[in-house]
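**Q**
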DNA sequence: ATTATTGTACTATCTAAATAATACAATAAT
DNA sequence: ATTATTGTATTATTTAGATAGTACAATAAT
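Chains as they are written, first to last, in the working numbering: chain A, 156 to 277; chain B, 156 to 277.
#1: Going along chain B in order, which residues have a C-beta closer than 8 Å to the C-beta of residue 279 of chain A?
#2: May I have the straight-line CA-CA distance separating residue 235 of chain B from residue 258 of chain A, to the nearest angstrom?
#3: For a contact defined as C-beta to C-beta under 8 Å, what are the partners of residue 168 of chain B on chain A?
#4: Just to confirm, is the Cβ distance from residue 167 of chain B to residue 209 of chain B under 7 Å?
#5: How close, in whole Å, do the beta carbons of residue 192 of chain B and residue 206 of chain B come, if the pair is a contact with beta carbons under 8 Å?
#6: Using DSSP's beta-bridge definition, name the partner residues of residue 228 of chain A.
#7: Using the C-alpha atoms, what's the distance from residue 244 of chain A back to residue 254 of chain A?
#8: Express the C-alpha separation of residue 212 of chain A and residue 241 of chain A in angstroms, rounding to a whole number.
#9: Does residue 181 of chain B come out as helix, strand or coil in the three-state DSSP assignment?
#10: Could you tell me the alpha carbon to alpha carbon distance between residue 175 of chain A and residue 262 of chain B, rounded to whole angstroms?
#11: Taking the continuous alpha helix (DSSP H) assigned at residue 270 of chain A, which residues delimit it?
#12: Find the residues of chain B that neighbour residue 240 of chain A, judging by a C-beta separation of less than 8 Å, and give them in chain order.
#13: Going along the stretch 186-202 of chain A in order, which residues come within less than 8 Å of chain B, judged by CB to CB distance?
#14: Does any residue of chain A have a CB that is nearer than 7 Å to the CB of residue 244 of chain B?
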């Protein structure tokens, strides 16, 4: 299937974002075993080294841990996952309003623009 | 002052974003003369070549135009500026909801989370 | 015991981006 | 006329990232 990656940011960062999101959104469950580095590299269509880098960075963040030869697993610390989810969501909101502000939209305008956009979809 | 740049994306793309936003938000007015390449490079604390690249790309987008030796100017096509502003805003909204969705928040949840966040600020 | 799979490590190569240092032609300012 | 400023072009160097290829130690599976 080959993940959607662009050339504007380092691949390994995009891989991290994607996997982090999949964990947060519970596509992978706490304690679940991840596919191997080589498998994930195949799935995403990237070099195994690049995937390895992404995974080892996620390990530094504490989101996954590896057991020497049995594989790599999602952390079982559900409290941490919940907290991370909230943090990431808040960060998205903050950045979004920041961007809109820089385009010249105050909070009120942004809010009504959202309403309008959502209505148009429905 | 030195603009806020990170190492996660090419500098010239970040420069483009910044200048594009400043134009859209009317920090620079249509027809107004931009500081010279060298000046802007100093202001942003980047290499003149990098700034040159950003500006020539913005020129390809039609946002600015250069007159051989008198300098570089903001386009006078206000219609285009207005349209670009709307497009960029819509794109921000779309991406934001996309990101939130990938974190596991549906539109409704995202909306109420926004309300909650804005209230907390006030 | 043997085999296959695991994460990990290492070296080499290639490319894009950023920087540095100049240079030049056109023209506005003097 | 001379000077300074403009955008632009060129060459070289450095660095980070991506890829390719290979290797190894630990251990689960057989």
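All C-beta atoms, glycine included, are put in the ideal place defined by N, C-alpha and C.
Every value quoted in this text rests on a predicted model; they were computed, and no experiment measured them.
**A** Let me lay it out:
#1: There is simply no residue 279 of chain A to check, as chain A begins at 156 and stops at 277 in what is shown.
#2: Position 80 of the second chain holds residue 235 of chain B. Position 103 of the first chain holds residue 258 of chain A. So the alpha carbons of these two residues sit roughly 15 Å apart.
#3: Within the second chain, the letter at position 13 stands for residue 168 of chain B. Within chain A, the residues near residue 168 of chain B are 163.
#4: Taking the second chain and counting its residues from 1, one reaches residue 167 of chain B at position 12. Taking the second chain and counting its residues from 1, one reaches residue 209 of chain B at position 54. Yes.
#5: Start at 1 with the first residue of the second chain, and residue 192 of chain B comes out as number 37. Start at 1 with the first residue of the second chain, and residue 206 of chain B comes out as number 51. Correct: roughly 5 Å between the Cβ atoms.
#6: Taking the first chain and counting its residues from 1, one reaches residue 228 of chain A at position 73. Bridge partners of residue 228 of chain A: A:188 and A:220.
#7: As a working mapping, residue 254 of chain A is identified with position 99 in the first chain. As a working mapping, residue 244 of chain A is identified with position 89 in the first chain. Approximately 15 Å between the Cα atoms of the pair.
#8: Against the first chain, residue 241 of chain A aligns to sequence position 86. Against the first chain, residue 212 of chain A aligns to sequence position 57. Using only the alpha carbons, I get a separation of about 21 Å.
#9: Reading the second chain from its first residue, position 26 is the one you call residue 181 of chain B. Coil at residue 181 of chain B, not helix or strand.
#10: Numbered from 1 along the first chain, position 20 holds the residue referred to as residue 175 of chain A. Numbered from 1 along the second chain, position 107 holds the residue referred to as residue 262 of chain B. So the alpha carbons of these two residues sit roughly 20 Å apart.
#11: Here residue 270 of chain A is taken as the residue at index 115 of the first chain, counted from 1. Here the alpha helix (DSSP H) through residue 270 of chain A covers 262-276.
#12: What you label residue 240 of chain A is simply residue 85 of the first chain in a count that begins at 1. Within chain B, the residues near residue 240 of chain A are 258 and 259.
#13: none
#14: Position 89 of the second chain holds residue 244 of chain B. Yes, contact with chain A.
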